[in-house]
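Here the structure comes first, spelled out in structure tokens, and everything after it is commentary.
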Amino acid sequence: MKQIPPLRENVPAGFSVFKAKENPETFLYLEKGELAALVVANGKESELFKVHPGEVVGVQTLLEKQPLPYTLKATEDSSFLKIDEECLASALKNIPVWLLASIRNISQQIKLLLKSDHSISPNGTAKALAAFLLQKTEILLAENKSALFNDYRLLLKECSWITRIPLKILKEELISFERRRLVLIHDKELGIQNPKLLLILIEYLSSLESGKAYPPFHFNLVEKRAVHCLSRVPEGTSLTAPEWLTCLQNNDKFATVAEVILLEKLGLLIKNDLDLLSISEDNIHKFLLCFEFETEIKGALL
Numbered sequence: 000m001k002q003i004p005p006l007r008e009n010v011p012a013g014f015s016v017f018k019a020k021e022n023p024e025t026f027l028y029l030e031k032g033e034l035a036a037l038v039v040a041n042g043k044e045s046e047l048f049k050v051h052p053g054e055v056v057g058v059q060t061l062l063e064k065q066p067l068p069y070t071l072k073a074t075e076d077s078s079f080l081k082i083d084e085e086c087l088a089s090a091l092k093n094i095p096v097w098l099l100a101s102i103r104n105i106s107q108q109i110k111l112l113l114k115s116d117h118s119i120s121p122n123g124t125a126k127a128l129a130a131f132l133l134q135k136t137e138i139l140l141a142e143n144k145s146a147l148f149n150d151y152r153l154l155l156k157e158c159s160w161i162t163r164i165p166l167k168i169l170k171e172e173l174i175s176f177e178r179r180r181l182v183l184i185h186d187k188e189l190g191i192q193n194p195k196l197l198l199i200l201i202e203y204l205s206s207l208e209s210g211k212a213y214p215p216f217h218f219n220l221v222e223k224r225a226v227h228c229l230s231r232v233p234e235g236t237s238l239t240a241p242e243w244l245t246c247l248q249n250n251d252k253f254a255t256v257a258e259v260i261l262l263e264k265l266g267l268l269i270k271n272d273l274d275l276l277s278i279s280e281d282n283i284h285k286f287l288l289c290f291e292f293e294t295e296i297k298g299a300l301l
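Below, the structure written as structure tokens:
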């Protein structure tokens, strides 16, 4: 597929780029100038957030085919790129399909929260904020940018508008995330040091909602040692189940076949076409993070 360049557009200050409830199925990358997201409530227009050069806006209109909940207006003479589905597909042809799928999935989780007729619980607030931040981070990473946001207040305003969670509650939750080492805050800047921690938090809270145990937080010492043992095995190693058992027992004399069965059941060991078991580096890394950040994810002491 040939790469299809985005359409560049120049507009004067005061120009309405998109109006509320329109669904242009395109998002914008602002090159210069400034755009403002505006909403009208009780006959009065107010500003939801601003878009500055180097930022994108309107991603959900493309990925989720959702109409814009706000009017987008240029507050200065502005230049931006308009990216539609065909353009995005050609630009991301070398990026794994799972990345786009994950962005869609996170957006869907936020929408499911909004459909609830009940007030959002503290866990629901944490889950919604984590999903929102993870979605924003995945977009930056897809563009080969660092997971750093210049002004977390603008992020919270957008999240508040999407989720209908009061801004004050979102800010309190974000400060909690910082205390729990899930995000970094310096002045107005917000950094996401490890996006996988946000994903783990979402999975953990989803487990609580469904009344199920979150497996990484229920490993005993022998099982944890088995995971640490796998993390030290060279990448690409494939062994039979008895060979893995020997490997685990060389590391911990208390290891049994039960650990091998558990590791396969939870996807840390995956059977390949040759009927051998290979390590899932991604799942190993996730479980190690769970062991390290269990208290922070649970928030039990904060």
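For the sequence shown, position 116 matches number 115 in numbering that gives the first Met the number 0, and the numbering has no gaps at all. Here a beta-carbon is modelled for each residue, glycine too, at the ideal position from N, C-alpha and C. Everything numeric in this text was worked out from a predicted model, so none of it was measured.
Can you give me the Cβ contacts of residue i inside the same chain, cut-off strictly under 8 Å, excluding the 5 residues immediately before and after it?
i: residue 57; result: 17, 23, 25, 26, 27, 67, 71
i: residue 187; result: 149, 150, 151, 152
Out of the options, point me to the one whose CA is closest to residue i's CA.
i: residue 141; options: 200, 31, 55; result: 55
i: residue 302; options: 223, 52, 244, 267; result: Residue 302 cannot be examined here, being either before or after the span of the chain that is shown, 0 to 301.
i: residue 201; options: 85, 276, 272, 289; result: 289
i: residue 48; options: 157, 32, 81, 246; result: 157
i: residue 261; options: 273, 247, 274; result: 247
i: residue 256; options: 29, 138, 241, 228; result: 241
i: residue 206; options: 229, 226, 296; result: 296
Kindly list the residues whose CB is nearer than 7 Å to the CB of residue i, restricted to its own chain and excluding five residues on each side of it in sequence; keep chain order.
i: residue 176; result: 182
i: residue 77; result: 10, 29, 31, 32, 33, 34
State the Cα-Cα distance for the pair residue i and residue j, rounded to the nearest angstrom.
i: residue 155; j: residue 170; result: 7 Å
i: residue 117; j: residue 214; result: Caution applies to residue 117, whose pLDDT of 41 falls short of 50 and renders its modelled position unreliable; the value that the coordinates give is listed next. Residue 117 and residue 214: Cα-Cα distance of roughly 28 Å.
i: residue 199; j: residue 190; result: 17 Å
i: residue 254; j: residue 83; result: 53 Å
i: residue 211; j: residue 8; result: 50 Å
i: residue 129; j: residue 274; result: 38 Å
i: residue 86; j: residue 134; result: 20 Å
i: residue 209; j: residue 73; result: 44 Å
i: residue 389; j: residue 281; result: Because residue 389 is not part of the residues shown, which for the chain are 0 to 301, the question remains open.
Which word fits residue i, buried or exposed, when buried means at least 16 other C-beta atoms lie within 10 angstroms of its C-beta?
i: residue 304; result: Absent from the model: residue 304. The displayed extent of the chain is 0 to 301, so no value can be given.
i: residue 166; result: exposed
i: residue 192; result: exposed
i: residue 220; result: exposed
i: residue 222; result: buried
i: residue 136; result: buried
Provide the residue span of the beta strand (DSSP E) that contains residue i, from first to last.
i: residue 72; result: 70 to 73
i: residue 27; result: 25 to 31
i: residue 83; result: 77 to 83
i: residue 305; result: Outside the displayed span of the chain (0 to 301) sits residue 305, for which this structure offers no information.
i: residue 17; result: 15 to 17
i: residue 3; result: Segment: none, residue 3 is in no beta strand (DSSP E) and carries neither H nor E.
Identify, in the order they occur along the chain, each residue of the same chain with its Cβ nearer than 6 Å to the Cβ of residue i, setting aside the five sequence neighbours on each side.
i: residue 80; result: 5, 7, 28
Output the boundary residues of the alpha helix (DSSP H) element that contains residue i.
i: residue 163; result: Taken as a continuous stretch (DSSP letters only), residue 163 belongs to no alpha helix (DSSP H), as it is neither H nor E.
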